[in-house]
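Numbering (our numbering), first residue to last: 2 to 192.
By construction, the Cβ of each residue, glycine as well, lies at the ideal position given by its N, Cα and C atoms.
Model, not experiment: these values are computed from the prediction.
Now the structure itself:
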């Protein structure tokens, strides 16, 4: 048994559901102007949510493959899974070194007309619910042992055990809430 409550599959599934709700509440609770507010070249909250949808969808897709596929493509783990804190630290170090999203993980820059914002937000939040349901369903098909034995590729962190990828996903979702929040105090208050 793992000492860390996130290390066991039930704890992971619970934490994934919790952070899914936090993301939906944060992005769903912004004003229309706040949802698409841009500060310089930084992503808007809408773009952060698009990025999270793409990222979580990729992990959910990988978890849906037969277990043989990741084993053949990415190999088996040669060491135990790192903890949530260790994965978070490794990711922060990569970001501090200049790492960032690239390729399909960079959201398209969308300048939505004010009348289009509610529909855009509803579309992104509906997709968020769908990809997270797929993610949690995918996790349920893996045993705790398999989460530590098989690996998946991460564009910045290299090959991670499936458990480490889920730890990354948890932190990554929170990271993007925080990134969007940092720019909100600059908004003009809603009327």
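- Assignment of residue 122 by DSSP, reduced to helix, strand and coil, places it in the helix class.
- Nearest to residue 36 by alpha-carbon distance, out of 165, 124, 107 and 157, is 124.
- DSSP places residue 71 in the uninterrupted alpha helix (DSSP H) bounded by 69 to 75.
- The beta-carbon distance between residue 140 and residue 17, rounded to whole angstroms, is 7 Å. This is short enough to meet the 8 Å contact definition.
- Out of 71, 68, 70 and 24, the CA that lies nearest to the CA of residue 49 is found in 24.
- The three-state reading of DSSP puts residue 171 in helix, counting H, G and I together.
- Nearest neighbour of residue 146 by Cα position, chosen from 65, 130 and 82, turns out to be 82.
- Just measuring C-alpha positions, the residue of 45, 185, 76 and 67 sitting nearest residue 162 is 76.
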